[in-house]
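Using the UniProt record's numbering, the first residue of the sequence shown is number 1, and each one after it goes up by one.
Note that the Cβ used here is the ideal one computed from N, Cα and C, for glycine as well.
Fair warning: this is a prediction, and the values are worked out from it, not measured in the lab.
Structure first, then comments.
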Amino acid sequence: MSSLSLAVRDSSTMLRRNLLHVRRYPSLTLNLLLSPVVLLLLFVYIFGDVMSAGIGGGGADRSEYLAYLVPGILLLTIGSTTIGTAVSVAMDMTEGIIARFRTMAIHRGSVLVGHVVGSVLQCVTSVVLVGAVAVAIGFRSTDATALEWVLAFGLLVLVSLALTWIAVGLGLSGPNAEAASNNALPLMVLPLLSSAFVPVDAMPGWFRPVAEYQPFTPAIETLRGLLLGTGIGHNGWLAVAWCLGLAVLGHLWSRSLFGRDPK
1 MSSLSLAVRD SSTMLRRNLL HVRRYPSLTL NLLLSPVVLL LLFVYIFGDV MSAGIGGGGA
61 DRSEYLAYLV PGILLLTIGS TTIGTAVSVA MDMTEGIIAR FRTMAIHRGS VLVGHVVGSV
121 LQCVTSVVLV GAVAVAIGFR STDATALEWV LAFGLLVLVS LALTWIAVGL GLSGPNAEAA
181 SNNALPLMVL PLLSSAFVPV DAMPGWFRPV AEYQPFTPAI ETLRGLLLGT GIGHNGWLAV
241 AWCLGLAVLG HLWSRSLFGR DPK
């Protein structure tokens with residue numbers, strides 16, 4: 001059997017292991033999924049009338065604000081889900097599972113690949129569930145073409161992959177699961193500081209650079225343009241560049257941490 005076949009076989013085994021772990025212990029995933037849903041309902045039904053004042057020159061209603069809000073909530077969902085990945089990786093490290101895998105005749109990279117692919121599948125599932133809640137409360141994407149839907153899905157997968165590799169690195173670098181969870185909080189906090197809830201132009205001048213020059217804002221604006229059929233401008237290329245850069249950085253960082261000899 002070739003080395004590629006062995007890598008695929010071992011990675012598939014690790015993927016099944018991670019999916020079984022999620023199925024047997026769903027509480028962490030459900031807790032992380034609950035936060036975006038609560039924020040969605042909170043900003044639509046409690047703060048919707050106030051927040052919509054910053055949309056479209058102040059003339060937006062609640063349904064228009066819902067349409068504006070959903071793309072940001074979907075990206076927030078991905079960030080929240082990947083926190084669970086960091087915790088899962090840290091638990092494997094601290095409980096000796098990784099050390100045990102090191103002694104087995106398996107492909108070395110299959111452990112990380114299993115975590116990454118499993119996390120991306122979790123992210124996509126979480127996005128679908130949160131999207132279903134959004135549709136249930138009135139979100140519609142009638143102006144998007146079939147191609148734009150495909151591109152939107154591809155962007156969500158790309159963001160999931162990028163954030164997952166960063167989360168894996170955070171999990172490997174943390175001394176325990178609690179530290180990994182705390183270290184991964186920026187993956188959920190950064191979307192809150194982006195254009196997810198109000199346009200960058202409606203923010204105070206001193207805060208605009210924080211929202212504008214970060215990875216989530218171009219990704220959210222691109223997803224918003226695809227789902228609502230509006231212009232994307234340069235945000236599409238920026239979003240792809242951020243995702244690829246973070247994915248490569250996270251991959252190299254994770255491989256470096258995973259390849260270190262255990263102390």
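Residue i in three-state terms, based on DSSP
| i | result |
| --- | --- |
| Val38 | helix |
| residue 264 | Within the shown structure, residues of the chain are numbered from 1 to 263, placing residue 264 beyond reach of any answer. |
| Arg140 | coil |
| Gly154 | helix |
| Lys263 | A caution first: Lys263 carries a pLDDT of 49, below 50, which makes its placement in the model unreliable, though a value can still be read off. The answer is coil: DSSP assigns Lys263 none of H, G, I, E or B. |
| Val198 | coil |
| Thr77 | helix |
| Thr145 | coil |
| residue 271 | This structure leaves residue 271 out entirely; the chain is present only between 1 and 263. |
| Met203 | coil |
| Gly131 | helix |
Endpoints, alpha helix (DSSP H) assigned at residue i
| i | result |
| --- | --- |
| Trp242 | Asn235 to Phe258 |
| residue 264 | As shown, the chain starts at 1 and ends at 263. That puts residue 264 outside it, with no answer to give. |
| Val50 | Gly48 to Met51 |
| Ala219 | Phe216 to Leu228 |
Close beta carbons around residue i, own chain, < 8 Å, minus the five adjacent residues each side
| i | result |
| --- | --- |
| Lys263 | With a pLDDT of only 49 at Lys263, under the threshold of 50, the placement of this residue in the model should not be trusted; the figure read from the coordinates follows. Once the five neighbours on either side are set aside, Lys263 has no close Cβ partner at all. |
Beta-carbon proximity list for residue i, same chain, < 7 Å, skipping 5 on both sides
| i | result |
| --- | --- |
| Leu151 | Leu226 |
| Leu172 | Val89, Met93, Ser254, Leu257 and Phe258 |
| Ala239 | Leu155, Pro218, Ala219 and Thr222 |
| Pro36 | Ile73, Leu76, Thr77, Ser80 and Val130 |
Proximal residues to residue i (C-beta, below 6 Å), its chain only, five neighbours per side dropped
| i | result |
| --- | --- |
| Ile97 | none |
| Val117 | Leu15 |
| Leu161 | Val120 and Ala247 |
Interface flag, residue i vs chain D, CB-CB below 7 Å
| i | result |
| --- | --- |
| Val127 | Among the protein chains of the structure shown there is no chain D, as only one such chain exists. |
**Request:** May I have a chain-ordered list of the alpha helix (DSSP H) segments no shorter than 4 residues that lie completely inside the region 80 to 112?
**Result:** 97 to 102
**Request:** Answer yes if the region 82 to 97 comes into contact with the region 25 to 40, meaning at least three C-beta pairs across the two stretches below 8 Å, and no otherwise.
**Result:** yes
**Sufficient close CB pairs (3 or more, under 8 Å) joining the region 198 to 216 to the region 225 to 234** = no
**Request:** Let me know the beta strand (DSSP E) ranges lying completely inside the region 164 to 195, each 3 residues or longer, listed in chain order.
**Result:** Listed in chain order, nothing qualifies, since the region 164 to 195 has no complete beta strand (DSSP E) run of 3 or more residues.
**Prompt:** Can at least three beta-carbon pairs, one atom from the region 2 to 21 and one from the region 104 to 113, be found at a separation below 8 Å?
**Reply:** yes
**Request:** Examine the Cβ distances between the region 63 to 74 and the region 113 to 125 and report whether three or more of them are shorter than 8 Å.
**Result:** no
**Prompt:** Should the region 36 to 56 be regarded as contacting the region 14 to 24, the criterion being three or more beta carbon pairs within less than 8 Å?
**Reply:** Output reads no: the region 14 to 24 does not touch the region 36 to 56.
**Message:** Counting beta carbon pairs with one atom in the region 184 to 201 and one in the region 137 to 147, are three or more of them shorter than 8 Å?
**Reply:** Because the criterion of three Cβ pairs below 8 Å is not met, the region 137 to 147 and the region 184 to 201 do not touch.
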